[in-house]
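**Q** Positions in the sequence shown are counted from 1; adding 319 to them yields this note's numbering. Before I ask anything, let me first share the structure, which is written out below as structure tokens.
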Amino acid sequence: MNPGPIQPSLRAGEDSASERAATDGTGAQNPGGSASALRKMTGFVRQPVSPRAYRRFTFAALLLLGIIVLTGAAVRLTGSGLGCADWPRCSDTEVIGTLSGHQGVEQANRLFTGAVSVAVAAAVLGAVRRRPYRRSLTVWAWSLVAGVVAQIVWGGVTVLTDLNPAVVIGHFLISMVLVWSATVLHVRAGDADGAGGPSPVKPGALPRVSVAARSAGAALALVVLTGPVVTGTGPHAGDATAPRFGFNLTSVVRLHSLTAWLLVGAVVWLAIEAGRSGDGPTIFRAQIIVLLTLAQGAIGYTQYALGVPPVLVAAHIVGVTLLVVAVTRLVLLTPVTPGARPLLPWASTE
Numbered sequence: 320m321n322p323g324p325i326q327p328s329l330r331a332g333e334d335s336a337s338e339r340a341a342t343d344g345t346g347a348q349n350p351g352g353s354a355s356a357l358r359k360m361t362g363f364v365r366q367p368v369s370p371r372a373y374r375r376f377t378f379a380a381l382l383l384l385g386i387i388v389l390t391g392a393a394v395r396l397t398g399s400g401l402g403c404a405d406w407p408r409c410s411d412t413e414v415i416g417t418l419s420g421h422q423g424v425e426q427a428n429r430l431f432t433g434a435v436s437v438a439v440a441a442a443v444l445g446a447v448r449r450r451p452y453r454r455s456l457t458v459w460a461w462s463l464v465a466g467v468v469a470q471i472v473w474g475g476v477t478v479l480t481d482l483n484p485a486v487v488i489g490h491f492l493i494s495m496v497l498v499w500s501a502t503v504l505h506v507r508a509g510d511a512d513g514a515g516g517p518s519p520v521k522p523g524a525l526p527r528v529s530v531a532a533r534s535a536g537a538a539l540a541l542v543v544l545t546g547p548v549v550t551g552t553g554p555h556a557g558d559a560t561a562p563r564f565g566f567n568l569t570s571v572v573r574l575h576s577l578t579a580w581l582l583v584g585a586v587v588w589l590a591i592e593a594g595r596s597g598d599g600p601t602i603f604r605a606q607i608i609v610l611l612t613l614a615q616g617a618i619g620y621t622q623y624a625l626g627v628p629p630v631l632v633a634a635h636i637v638g639v640t641l642l643v644v645a646v647t648r649l650v651l652l653t654p655v656t657p658g659a660r661p662l663l664p665w666a667s668t669e
């Protein structure tokens, strides 16, 4: 007997058996089908990422890290800091509390951390799959992961210490460091082979505008440090029963105001040096910083005069977040003058 004609039917039988193996009696996929889907997903993850696409990843991470600063502020400004009195559960009996009232505000902020975590994880994965690969981007992306993990743990400590003002300040400062780090990652993702603007890549002297920008950054750091002290002393400590600093509010406000005026002086110098540089993009970035600083000053004095209404406090927090981004961008994107003499002994990229 010649087996030749039978083989096609055997092959068809094998194919049919294979199809049956991929489904159960109801047509649902069995583990074999799931494995195939997993392979497809893995293949997608392994796809190379272009520099332009990766900048979208870093922008998403920066945007969400900025938004969560505002949602965290909303928790304090609405007195919802202890809406969930436990961590990581909302309470002894609930993992996720009701999404209403103070508990809803606090729970929404916690849940939004999940979106931030996804964006940060995508930034890391994108850095690994980016072509051409750059190790520095992977390092900066992992710094976001470390920061988010620290923020989650610190948030738990904040709740478990009943909103101790010193702990709350740490929570805010981690957020600012994360915004700064995400800004660096986004700008660096545009270097050289990416879609971003120029940045210092050659040894040389920093021009005066860059030194002025660094001075503005130092002054801004003082503003960021003293601002939460005012909040921890004033009425927006996160809960009606939350402890507050025992400082005199007027004295703390004056200290914060002093640091703000130092920032104004540094920004004025920055504006002058940017104009002298003659570099269009640098001038534009400096103008943005000037406008943000003026807006911050106006909001700050107005909110104090009106008894610190929550809406203005929230606007003030948004403003300082934008300032961190703007100053960081200017510092990173100001071109270096190769071979020039440094304005200050430490003002060199070498």
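Even glycine gets a Cβ: it sits at the ideal position worked out from N, Cα and C.
Taking all protein chains shown into account, decide if Asn-428 is buried (16 or more other Cβ within 10 angstroms of its Cβ) or exposed.
**A** Counting Cβ neighbours within 10 Å, Asn-428 comes out buried, since at least 16 surround it.
**Q** Would a C-beta distance cut-off of 8 angstroms place Thr-545 and Thr-569 closer than the cut-off?
**A** No; because the gap between Cβ atoms is not below 8 angstroms, this pair is not in contact.
**Q** Suppose you measure from the CA of Val-572 to the CA of Val-639; what does that come to, to the nearest Å?
**A** C-alpha separation (whole angstroms): 16 angstroms.
**Q** Are the region 522-541 and the region 588-599 in contact at 8 angstroms, needing three or more beta carbon pairs?
**A** These segments touch.
**Q** Any idea which residues DSSP pairs Val-528 with across the strands?
**A** None; Val-528 has no bridge partner.
**Q** Locate the alpha helix (DSSP H) running through Gln-366, then write down its first and last residues.
**A** Unbroken run through Gln-366: none, as it is neither H nor E.
**Q** Using a Cβ-Cβ cutoff of less than 7 angstroms, which residues in the same chain neighbour Asn-483 once the five nearest sequence positions on both sides are dropped?
**A** For Asn-483, where only same-chain residues beyond five positions count, the Cβ hits under 7 angstroms are Pro-562.
**Q** What are the boundary residues of the alpha helix (DSSP H) that includes Leu-582?
**A** Run containing Leu-582: 568-596, per the alpha helix (DSSP H) assignment.
**Q** Quick one: any contact between the region 432-450 and the region 393-401, if contact means 3 or more CB pairs under 8 angstroms?
**A** They do not touch, by the three-pair rule.
**Q** Taking only the alpha-carbon atoms, compute the straight-line gap between Leu-389 and Gly-619 and give it to the nearest angstrom.
**A** Leu-389 and Gly-619: Cα-Cα distance of roughly 17 angstroms.
**Q** Terminal residues of the continuous alpha helix (DSSP H) containing Arg-507?
**A** Counting along the chain, the alpha helix (DSSP H) containing Arg-507 begins and ends at 484-507.
**Q** Only counting the same chain, and skipping five residues up and downstream in sequence, which positions put a Cβ closer than 8 angstroms to that of Gln-470?
**A** Taken in chain order, the residues that qualify are Thr-432, His-490, Ile-493, Ser-494, Leu-497.
**Q** Taking only the alpha-carbon atoms, compute the straight-line gap between Pro-367 and Pro-451 and give it to the nearest angstrom.
**A** Those two C-alpha atoms are separated by around 9 angstroms.
**Q** Consult DSSP for Arg-449 and reduce its assignment to one of helix, strand or coil.
**A** Strand, per DSSP.
**Q** CB-CB under 7 angstroms to Ile-507, same chain, minus the five flanking residues each way: which ones, in chain order?
**A** Looking at the sequence provided, one finds Arg at residue 507 rather than Ile. Around Arg-507: Ser-455, Leu-456, Trp-459.
**Q** When you compare the CB positions of Leu-649 and Arg-604, do they come within less than 8 angstroms of one another, or not?
**A** Cβ atoms of Leu-649 and Arg-604: closer than 8 angstroms.
**Q** Please state the DSSP three-state secondary structure of Gly-402.
**A** Coil, per DSSP.
**Q** Work out the CA separation of Ile-387 and Ala-380 for me, nearest whole Å.
**A** About 11 angstroms.
**Q** Can you check whether the CB of Ala-593 is closer than 8 angstroms to the CB of Ile-602?
**A** Taking 8 angstroms as the Cβ cut-off, Ile-602 and Ala-593 qualify as a contacting pair.
**Q** Which term fits Ala-617, buried or exposed, when burial requires 16 or more other beta carbons within 10 angstroms of its beta carbon?
**A** The residue in question, Ala-617, is exposed, as its Cβ has fewer than 16 Cβ neighbours within 10 Å.
**Q** Within 10 angstroms of the Cβ of Ser-410, are there 16 or more other Cβ atoms? Answer buried if so, exposed if not.
**A** When all chains shown are included, Ser-410 counts as exposed.
**Q** Classify Thr-560: buried if its beta carbon has 16 or more other beta carbons within 10 angstroms, exposed otherwise.
**A** So Thr-560 ends up on the exposed side.
**Q** Using 8 angstroms as the threshold, is the C-beta distance between Leu-384 and Ala-501 below it?
**A** Yes.
**Q** Which stretch, first to last residue, makes up the alpha helix (DSSP H) that contains Ala-605?
**A** Ala-605 -> alpha helix (DSSP H) spans 599-624.
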